[in-house]
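>
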Amino acid sequence: MNFFVDTSAWSLALRRATLLDDPLVERLRRALESGEAVFTTGLVLQEILQSIRVPAQRAALVERFAALPLLMPDRADHIAAAEVRDTCRRGGVQTGTVDALLAQLCLHHDLVMLTADRDFEHMAPHIGLDVWRSSRP
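Positions 4 to 140 (the working numbering) are the ones given, in order, by the sequence shown.
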């Protein structure tokens, strides 16, 4: 399985030691250890880094994330993300600009969204987004 991991999932995995038995964290760990494709984008990396205050920890995280493929949205992705947002709105789901873009990257690259953010589950049926759930392998 190929995953796109959003900020909420990374936050669980990196900062909350009390949730080490969380199914989402466990799935991310297995994906990383088994060599499954795990993608990120600059916005997610930026959000994670903005929450880290200690320079050494920030540098270590930048180094770790350097091993992950970084998806770069292009003009077509931004145009399609606007349509994602509009489709969700017409379906009664309010969607933020960044979430629409992240969902579009998943759709464009045929990735499963690994997230703790329930907003993506609300978006999924309207746009065909594949969101990992703990009942999946």
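Glycine included, C-beta positions come from ideal geometry on N, C-alpha and C.
Count the other CB atoms, across all protein chains shown, that sit within 10 Å of the CB of residue 73; report buried if there are 16 or more and exposed otherwise.
Result: exposed.
> Following the continuous alpha helix (DSSP H) through residue 134, name the residue where it begins and the one where it ends.
Run containing residue 134: none; DSSP gives neither H nor E here.
> Kindly indicate which residue of 120, 55, 41 and 114 has the alpha-carbon position closest to the one of residue 131.
Ranking 120, 55, 41 and 114 by Cα distance to residue 131 puts 114 first.
> At 4 residues or longer, what runs of the alpha helix (DSSP H) sit wholly inside the segment 17-90?
Listed in chain order, they are 26-37, 45-53 and 58-68.
> Count Cβ pairs between the segment 60-72 and the segment 90-107 that sit closer than 8 Å; are there 3 or more?
Touching, no.
> How many Å lie between residue 5 and residue 118 at the Cα?
Roughly 13 Å between the two C-alpha positions.
> In three-state DSSP terms, what is residue 96?
It is coil, neither helix nor strand.
> Classify residue 33 as buried or exposed, calling it buried when 16 or more other Cβ atoms lie within 10 Å of its own Cβ.
Counting Cβ neighbours within 10 Å, residue 33 comes out exposed, since fewer than 16 surround it.
> Leaving out the 5 sequence neighbours to the left and right, which residues in its chain are closer than 8 Å to residue 137 when beta-carbon positions are compared?
Answer for residue 137: 26, 27 and 30, listed in chain order.
> For residue 47 and residue 89, what's the separation of their Cα atoms in angstroms?
So the alpha carbons of these two residues sit roughly 22 Å apart.
> Per DSSP, which residues does residue 126 bridge with? Please list them.
Paired residue(s): none; residue 126 is not in a bridge.
> At a threshold of 8 Å, does residue 127 count as lining the ligand NAP (C-beta to nearest heavy atom)?
Among the components modelled here there is no ligand, and therefore nothing to report on the ligand NAP.
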